[in-house]
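Number of protein chains: 2
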Amino acid sequence: MRIKCVISYDGTNFSGMQIQPRARTVEGEINKALRKIHKGESVRIFSSGRTDAGVHAKGQTFHFDSNYHLTPAEWKRALNSLLPTDLHVNEAAHVHDSFHARFDAKEKEYRYYILNERERDVFQQNYIYQYPYELDIKKMQQAAGYFEGTHDFTTFSSAKSETVGSKVRTLYEVSCFRKGSRFEFILRGDGFLYNMVRIIVGTLLDVGRGKLAASDIGKLFNKHDRQSAGDTVPPQGLYLWKVTYNED
Amino acid sequence: MRIKCVISYDGTNFSGMQIQPRARTVEGEINKALRKIHKGESVRIFSSGRTDAGVHAKGQTFHFDSNYHLTPAEWKRALNSLLPTDLHVNEAAHVHDSFHARFDAKEKEYRYYILNERERDVFQQNYIYQYPYELDIKKMQQAAGYFEGTHDFTTFSSAKSETVGSKVRTLYEVSCFRKGSRFEFILRGDGFLYNMVRIIVGTLLDVGRGKLAASDIGKLFNKHDRQSAGDTVPPQGLYLWKVTYNED
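Residue numbers (my numbering), protein chains in the order written: chain A, 3 to 250; chain B, 3 to 250.
The structure is reproduced here in structure tokens:
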């Protein structure tokens with residue numbers, strides 16, 4: 003039986019999604035819970051992809067195989083009773099044996115949040131990027147449009163990216179909104195390179211501050227050089243919001 | 003020069019307000035920052051009172067003396083540049099030499115937050131008490147009224163309380179509100195005994211679940227016995243909201 007799970011996690015106290023020796027990871031905690039359910043037997047999980055240390059998820063997805071015959075509701079309950087309080091299964095479902103959480107992902111949505119205030123808010127330090135400089139939302143919205151469509155994202159991904167092959171990706175939506183002192187960025191695409199969301203948002207901040215013009219974005223794409231783009235904004239503002247599959 | 007500061011802190015990673023050896027405390031962090039400003043000289047601070055591990059503050063207050071002549075804005079800036087990100091000075095002010103943050107406090111306000119949902123929200127685990135059982139807000143509001151006024155709060159404070167002398171306190175307001183799945187409790191009074199807010203809220207939850215009638219509260223006061231009251235609700239839902247002084 004193949005089971006698909008949709009999970010939320012507060013990334014603050016995780017060294018990211020992917021398992022690592024001697025580090026607290028999301029995958030590590032799920033493996034522990036599954037091993038308990040399977041009486042000591044290890045069960046490997048396959049996620050839609052990695053998230054970095056400090057990055058949050060509202061809709062990360064993984065699958066695993068089990069010969070235990072539990073209903074989706076029972077899987078959800080069993081896992082949640084064993085998982086730590088910063089990691090929660092929102093949904094469990096039986097899926098076809100050919101389903102793969104990574105390879106079948108059709109679209110991913112990330113969101114990034116900025117608090118644009120002079121005073122620091124101690125309660126949001128791990129959940130939003132506190133950026134005190136004035137931002138021109140109109141210019142940022144104009145610049146966001148330049149990222150939509152199919153492009154080679156070499157300029158806007160980490161030079162340390164392990165991606166082999168093409169760095170061409172298609173973004174269906176890159177938008178930003180202001181609600182009071184809160185900025186929301188929504189990015190949807192067929193795939194994202196390492197640090198791609200955080201570098202795009204960092205570049206949009208440069209536009210918002212007037213360091214860069216919206217119309218410069220095209221030239222930056224053509225440089226194929228990470229150094230020409232904006233800073234990588236910090237992980238705590240980033241949320242893996244949703245992973246969409248063909249069956250959905 | 004006597005300086006009064008109003009601070010916010012995220013209590014999650016503090017072992018409370020009061021300094022303790024080998025523990026990260028709010029007072030300890032402020033002492034470190036003041037020692038740096040005073041070139042290695044220790045400066046003692048006096049707060050309005052303790053808060054427990056995990057308890058938050060939006061308006062904790064302390065004072066200290068210094069022979070450094072900084073303006074209030076300079077004190078605020080100097081401290082905030084040295085304090086960790088989960089502790090923030092909202093306001094600094096010069097006060098009269100006779101001002102005392104603890105003894106001159108006229109009124110304290112605490113707030114307590116409950117998330118009344120079946121599903122756990124991983125992002126709020128340290129900031130709200132997630133309580134999944136159905137609650138009758140009308141009955142809780144009725145019961146809250148019984149706590150207002152002047153009473154001996156022995157039943158509604160920790161038996162471990164170090165308070166010597168009278169356990170009589172006056173509460174000016176005990177109220178609760180529901181906003182969607184969020185419950186807010188507001189308690190204002192001339193002083194609070196150890197765990198008093200958390201035991202009153204725990205008792206109100208018993209009323210909300212029907213374990214106790216609003217009209218039983220009077221009898222509980224008369225018992226002078228901690229065992230007759232409800233559980234002490236967890237610290238993460240509690241905020242020291244405001245301390246009011248005569249001068250304010």
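For each residue, glycine too, the CB sits at the ideal point set by N, CA and C.
Between which two residues does the alpha helix (DSSP H) carrying residue i extend?
i, result
"residue 87/B", "No alpha helix (DSSP H) contains residue 87/B, which DSSP labels as neither H nor E."
"residue 31/B", "28 to 39"
"residue 162/B", "First-last for residue 162/B: undefined, no H or E at that position."
"residue 146/B", "139 to 147"
"residue 203/B", "198 to 210"
"residue 222/B", "219 to 225"
Express the C-alpha separation of residue j and residue i in angstroms, rounding to a whole number.
i, j, result
"residue 20/A", "residue 180/A", "33 Å"
"residue 17/B", "residue 55/B", "4 Å"
"residue 248/B", "residue 108/B", "6 Å"
"residue 35/B", "residue 135/A", "26 Å"
"residue 190/B", "residue 112/B", "6 Å"
"residue 235/B", "residue 139/B", "17 Å"
"residue 141/B", "residue 146/A", "51 Å"
"residue 178/B", "residue 131/B", "15 Å"
"residue 59/A", "residue 95/A", "19 Å"
"residue 7/A", "residue 194/B", "46 Å"
"residue 121/A", "residue 229/A", "31 Å"
"residue 40/A", "residue 47/B", "54 Å"
"residue 75/A", "residue 151/B", "48 Å"
"residue 231/B", "residue 188/B", "19 Å"
"residue 163/A", "residue 33/B", "43 Å"
"residue 25/A", "residue 144/B", "49 Å"
"residue 82/B", "residue 23/B", "23 Å"
"residue 199/B", "residue 209/B", "15 Å"
"residue 73/A", "residue 118/A", "45 Å"
"residue 87/A", "residue 97/A", "26 Å"
"residue 217/A", "residue 192/A", "24 Å"
"residue 3/B", "residue 103/B", "15 Å"
"residue 5/B", "residue 45/B", "12 Å"
"residue 214/B", "residue 79/A", "30 Å"
Judging by CA-CA distance, which residue of the options is the nearest neighbour of residue i?
i, options, result
"residue 242/A", "62/A, 119/A, 224/A, 216/A", "62/A"
"residue 221/A", "211/A, 205/A, 95/A, 236/A", "205/A"
"residue 160/B", "247/B, 93/B, 226/B", "226/B"
"residue 50/B", "34/B, 105/B, 202/B", "105/B"
"residue 156/B", "96/B, 170/B, 47/B, 116/B", "170/B"
"residue 92/B", "77/B, 126/B, 176/B", "77/B"
"residue 240/A", "145/A, 24/A, 53/A", "53/A"
"residue 167/B", "154/B, 158/B, 177/B, 176/B", "154/B"
"residue 15/B", "7/B, 150/B, 237/B", "237/B"
"residue 99/A", "230/A, 68/A, 24/A, 32/A", "68/A"
"residue 223/B", "186/B, 213/B, 195/B, 158/B", "158/B"
"residue 207/A", "5/A, 123/A, 133/A, 82/A", "133/A"
"residue 9/B", "116/A, 80/A, 124/A", "124/A"
"residue 197/B", "80/B, 114/B, 216/B, 79/B", "114/B"
"residue 116/B", "57/B, 79/B, 172/B, 186/B", "186/B"
"residue 201/A", "103/A, 192/A, 176/A, 217/A", "176/A"
"residue 57/A", "192/A, 45/A, 129/A, 79/A", "129/A"
Since residue i and residue j should fall inside the 8 Å C-beta cutoff, what is the C-beta to C-beta distance between them, to a whole number of angstroms?
i, j, result
"residue 28/A", "residue 84/A", "14 Å between Cβ atoms; not a contact."
"residue 219/A", "residue 148/A", "4 Å"
"residue 233/A", "residue 127/B", "In fact, because the Cβ distance is near 30 Å, the residues do not count as touching under 8 Å."
"residue 203/A", "residue 110/A", "Not confirmed; about 15 Å, so no contact."
"residue 211/A", "residue 137/A", "7 Å"
"residue 65/A", "residue 101/A", "6 Å"
"residue 37/B", "residue 31/B", "Rounded, the Cβ-Cβ distance is 11 Å, inconsistent with contact."
State the start and end residues of the unbroken beta strand (DSSP E) segment that holds residue i.
i, result
"residue 66/A", "58 to 67"
"residue 117/B", "107 to 117"
"residue 186/A", "184 to 191"
"residue 180/B", "170 to 181"
"residue 6/B", "4 to 11"
"residue 151/B", "151 to 154"
"residue 244/B", "240 to 247"
For the ligand GTP, any of its heavy atoms closer than 7 Å to the Cβ of residue i?
i, result
"residue 12/B", "The ligand GTP is not part of the structure shown, which contains no ligands of any sort."
Examine chain D for any beta-carbon lying closer than 8 Å to the beta-carbon of residue i, and answer yes or no.
i, result
"residue 38/B", "Absent from the structure is chain D; the protein chains it does hold are A and B."
Between the region 5 to 23 of chain A and chain B, which residues of the former have a C-beta closer than 8 Å to a C-beta of the latter? 10, 11, 12
Looking at chain A, which residues of the region 74 to 89 of chain B have a Cβ within less than 7 Å of any of its Cβ atoms?
87, 88, 89
| query | Between the region 125 to 140 of chain A and chain B, which residues of the former have CB atoms less than 7 Å from a CB of the latter, in chain order? | reply | 125, 127, 129
- Query: Using a beta-carbon distance cut-off of less than 8 Å, what residues from the region 96 to 122 of chain A approach chain B?
  - Reply: 121, 122
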